[in-house]
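The structure appears right after this line, and notes come after that.
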Amino acid sequence: IRKWTRNARSIGVAVLHICLIFLWMIPVFFVSSLTTLSNLEKWLPFVADLPEWFRGFLQGFLPGLALIVFNMLLPPLCRWLTSLEGVQTVLDLDNGMSSKLFGFQVFNTFLGITVMASLLTEMEEIVDGKIDFMEVVELLGDAVPTTSMFFLNYILLKAWAGSPQDMARLLDIVIMHVKERFLCRTIEEKESAGKAKPPSYGALIPSIMFILLVSVVFSIINPLVTPFALLGMAAVYIVTLHHFLFVCSKNSYESGGMLWLSMVRQIMWIFFLMHLTLAGVFLLKKVPIIAALTIPLWFVSYAFYAYCMDKFGKPMQFAPLQSVCALEQVEPKESQSEMSRLERLEQESLTAAHLSQFEKTAYAIPCLQPPAQLDHEMRKADESQAAMSTHSSTRTFSAEDGATWNR
1 IRKWTRNARS IGVAVLHICL IFLWMIPVFF VSSLTTLSNL EKWLPFVADL
51 PEWFRGFLQG FLPGLALIVF NMLLPPLCRW LTSLEGVQTV LDLDNGMSSK
101 LFGFQVFNTF LGITVMASLL TEMEEIVDGK IDFMEVVELL GDAVPTTSMF
151 FLNYILLKAW AGSPQDMARL LDIVIMHVKE RFLCRTIEEK ESAGKAKPPS
201 YGALIPSIMF ILLVSVVFSI INPLVTPFAL LGMAAVYIVT LHHFLFVCSK
251 NSYESGGMLW LSMVRQIMWI FFLMHLTLAG VFLLKKVPII AALTIPLWFV
301 SYAFYAYCMD KFGKPMQFAP LQSVCALEQV EPKESQSEMS RLERLEQESL
351 TAAHLSQFEK TAYAIPCLQP PAQLDHEMRK ADESQAAMST HSSTRTFSAE
401 DGATWNR
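This is the structure we're talking about:
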């Protein structure tokens, strides 16, 4: 793909991404309407007749579950958008997918829930003009801290329901048995069906960053979120580490640390959002002096980001030559599995033959040679040295004889 074609595709995908962000607000509106029990009763009138404990359970469980279901549709969509740009490597695909998914979560999930949940309760009064702009501002100032409970329930749901489900892999087990029963015909196909694919970095990183976003932003507004966010991060860490070590097959590529560049940028965006939210809450509470005191935090955070990019930006952006050479020598397991057994045996035999020939002609350090080989080499060196000394002595004798003969 030519450069100008790729740039045109990137611009078109960026415009489509922005449009989808705003269109995705529609399901976010629906999820926000479920965050309060009064709005839930408007949508489902029979909820008012349910027991009190069950109503409380619905208020805490159902909105988070609906949000998780909506977010499950985002990774394939973001992956499809990134593929339209014409990326050529899996690393670029994961990087683009991660940035787009992070943008969806920030603008829709976080800001959408935070702002829209506050406005939906008084939407009729706002439309009728019964509430002016300053009253809307005061409403936001009072409602923003209360939305932290929604994100608290969301994190708990991911930690206590999502992580055990990922650990049990019930859906993967069902899919594996269906493939082995109806789709697999050979032994190799059955073996590949039982292997779990590694999780996509483009979907894994934004899910972790969203928990970090909620914990950092609400750590000052509502510190109760912090320990539960730590619990959610620990659950995701344990499940992910278990999958990478014992369940999933090796990934088909290694990023060489270049994924850290997008992760650092997302972390800095999280800190900027924390400063913005903190200043906005102070302004909504009508304390502009304290809000102005948060402005230096912006410059401190940006100075730290600039320092990190100046010192570590190049190593994160460009892989070392030694790592690239090592990666080029290792073939992915997927390409090896596609080869037939005969081709693999032929390749292994040729490789062994080349190695044996190389070992015969290659130079080895004497201290690293086996004792028998070292004795053989020393014996050959002594014999060659003795032959050279004999030849030189013969030449000297012949020269002296010639001089004597001339006299």
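Per the UniProt record's numbering, the sequence shown runs over residues 1 to 407.
Yeah, the Cβ is synthetic: ideal placement off N, Cα and C, and Gly gets one too.
Here Pro206 is actually not in contact with His243; their C-beta atoms are around 17 Å apart, not less than 8 Å.
Bridge partners of Cys248 according to DSSP: Ala196. Taking 8 Å as the cut-off, the beta carbon of His17 is found closer than this to the beta carbon of Leu81. Going by DSSP, Pro227 is part of the alpha helix (DSSP H) stretching over Val225 to His242. Minimum Cα-Cα distance from Ile295 among the listed residues Ala279, Phe312, Tyr305 and Tyr307 corresponds to Ala279.
Trp24 and Leu74 have their C-alpha atoms roughly 10 Å apart. Phe151 is positioned such that its CB atom lies closer than 8 Å to that of Val214. An exposed status is given to Cys19, since fewer than 16 other beta-carbon atoms sit within 10 Å of its beta-carbon. For Ser83, the enclosing alpha helix (DSSP H) covers residues Leu74 to Leu84. Where Gly202 is concerned, the enclosing alpha helix (DSSP H) starts and stops at Tyr201 to Ile221. In this structure, the alpha-carbon of Ser262 lies about 21 Å from that of Met72. For Pro51, the three-state secondary structure derived from DSSP is coil. Rounded to the nearest angstrom, the Cβ distance from Phe228 to Leu156 is 6 Å, consistent with a contact under 8 Å.
Taking C-alpha positions only, Met209 is separated from Ser301 by approximately 18 Å. The continuous alpha helix (DSSP H) containing Lys100 extends over residues Val90 to Phe104. By the Cβ test, the stretch 161-169 is not in contact with the stretch 179-186, since fewer than three Cβ pairs between them sit closer than 8 Å. Distance check between Lys100 and each of Arg2, Arg265 and Cys308 places Arg265 closest, using alpha-carbon atoms only. The alpha carbon of Tyr201 has as its nearest neighbour, out of Tyr307, Phe102, Phe54 and Cys308, the alpha carbon of Phe102. DSSP places Lys179 within a helical segment (H, G or I) once states are collapsed to three. Between Thr147 and Thr109, the C-beta gap is not smaller than 8 Å, which leaves the two residues out of contact. Inter-residue distance for Glu85 and Leu293 is about 42 Å (C-alpha atoms, whole angstroms). Leu91 and Leu58 have their C-alpha atoms spaced approximately 41 Å apart. Under the DSSP assignment, Cys19 falls in the alpha helix (DSSP H) whose first and last residues are Lys3 to Leu23. Contact check for Phe282 and Ala291: beta-carbon distance about 4 Å, within the 8 Å limit, so the pair qualifies. Here Thr277 is buried, its C-beta having at least 16 other C-beta atoms within 10 Å.
Of all alpha-carbon atoms in Val15, Ile238 and Pro27, the one lying nearest the alpha-carbon of Ala66 is that of Pro27. Going by DSSP, Phe151 is part of the alpha helix (DSSP H) stretching over Ser148 to Leu157.
In the structure shown, the three-state DSSP call for Arg265 is helix. Val87 and Lys42 have their C-alpha atoms spaced approximately 47 Å apart. Counting the other CB atoms within 10 Å of its CB gives Phe104 a total of 16 or more, which places it among the buried residues. Classified as buried, Gly96 has 16 or more neighbouring CB atoms from the shown chains inside 10 Å of its CB. For the 8 Å CB-CB criterion, Met316 and Met258 form a contact. Setting aside the 5 residues that flank it on each side, Gly12 is surrounded in the same chain by Leu84, each with a C-beta closer than 8 Å to its C-beta; the list follows chain order. Asn222 and His275 have their C-alpha atoms some 15 Å from each other. For Ile270, the number of other beta carbons within 10 angstroms of its own is at least 16, and it is reported as buried. With a cutoff of 8 Å on beta-carbon distance, Ala159 and Leu231 are scored as near each other.
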